[in-house]
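Trainee: Sending over a structure as C-alpha cells; questions will come in a sec.
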Amino acid sequence: MTSFSWRFVTIAAFFVTTLVVSNIVAVKLAEVGGRVFDAGNILFPLAYLLADVLTEVYGFRAARRVILLGFACNVLAVVAIQLAVRLPAADFWAGNQEAYEAILGTTWRIFVASLVAYLVGELTNSYVLSRMKVATGGRFLWSRTIGSSLVGQALDSAIFVTIAFAGTGTPLLDTIVTTWAIKVTWEVVATPFTYLIANGLKRAEGIDVFDGPRPAEAPG
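If you read the sequence shown in this note's numbering, its first letter stands for residue 4, the second for the next number, and so on.
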C-alpha cells in the first residue's frame with residue numbers, strides 16, 4: 004500500500020488507543036470467582052481483534068506498521084506518565100501526590116512488561132494469521148483469528164504476567180492461565196464482529212491482501 008484510506012487510519016487509531024488505555028488500567032489486579040487477572044483484560048483483547056482485521060484486509064506488512072506505531076505511542080505514554088509523577092506538586096494538591104504515585108508511579112514495570120509482551124504477542128499473532136490465510140486460501144477466517152490468538156495471546160500473557168508481577172506475591176501460573184483464557188474467550192465471542200468488520204472493509208476498500216500466492220495462483 005502506498006496510501007492509507009480513512010478506514011485504515013480509523014482502525015489504526017482505535018488499535019493504538021485501545022493499547023495505551025489497556026496498559027494504563029492494567030495496574031489494577033482484579034479477582035472474580037477466585038481467579039486473578041489484570042484490569043487491562045476488559046479492553047486489551049480488542050487490540051487483537053483490530054490487529055486481526057488489519058492483517059486480514061491489508062496484509063502483514065501494513066499491520067506490522069501499526070503494531071510498531073502502537074509500540075512508539077506506548078513509549079510516549081510511559082515517558083509522559085513518569086515525567087508527570089516527578090513534577091513537583093502544587094501546595095493545594097500535594098495531598099494527592101502519594102495516591103498518584105501509588106497508582107501510576109509503578110507503571111514503568113507494567114509498561115516494560117506490556118511493551119515486550121505486546122511486540123512478541125502481536126507480531127506473532129499477525130504473522131500466524133497471515134500464514135494461515137495463505138495456507139487456507141483465504142477461507143475459514145474463524146480458524147485464523149482463533150488459531151493465531153491461541154498462540155499470540157499465550158505468549159503475550161506469559162511474558163506480561165511474568166515481567167509485571169514476578170516477586171510481588173501474585174500467583175503467576177494462575178494469572179497467566181486466567182488472562183490467556185479471558186483473551187481467547189473474548190476473541191471467540193467477538194468472531195462474528197471480526198467477520199463483519201473484515202468483510203465490510205474488503206468490500207469498501209476493494210482489496211484483500213495475501214502475503215503469498217492468492218488462491219487462484221496457488222499451485223495445485
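The beta carbon of each residue, even a glycine, is placed where N, CA and C say it ideally should be.
By alpha-carbon positions, which one of Ala50, Val56, Ile27 ends up nearest to Gln85?
Mentor: Ile27
Trainee: Which residue marks the beginning of the beta strand (DSSP E) containing Glu101, and which one marks its end?
Mentor: From DSSP, Glu101 is part of no beta strand (DSSP E) but of the alpha helix (DSSP H) over 100-103.
Trainee: Report yes or no: do the stretch 135-149 and the stretch 201-215 share at least 3 C-beta pairs separated by less than 8 Å?
Mentor: Yes: the two stretches touch, three or more of their Cβ pairs being nearer than 8 Å.
Trainee: Unbroken beta strand (DSSP E) runs of length 3 or more, entirely within the stretch 66-106: which are they?
Mentor: Fully enclosed beta strand (DSSP E) runs of no fewer than 3 residues are not present anywhere in the stretch 66-106.
Trainee: Report yes or no: do the stretch 121-133 and the stretch 59-67 share at least 3 C-beta pairs separated by less than 8 Å?
Mentor: yes
Trainee: Does DSSP put Ala120 in a helix, in a strand, or in coil?
Mentor: Note: Ala120 maps to helix in three-state DSSP.
Trainee: Which word fits Thr5, buried or exposed, when buried means at least 16 other C-beta atoms lie within 10 angstroms of its C-beta?
Mentor: A caution first: Thr5 carries a pLDDT of 48, below 50, which makes its placement in the model too unreliable to give a value.
Trainee: So which of Leu72, Thr181, Thr178, Ala169 has the shortest CA-CA distance to Ala50?
Mentor: That would be Leu72, whose Cα lies nearest to the Cα of Ala50.
Trainee: Is the beta carbon of Leu107 less than 9 Å from the beta carbon of Ala87?
Mentor: The answer is yes: Cβ separation under 9 Å.
Trainee: Can we say the stretch 87-96 touches the stretch 115-129, given the rule of at least three CB pairs closer than 8 Å?
Mentor: no
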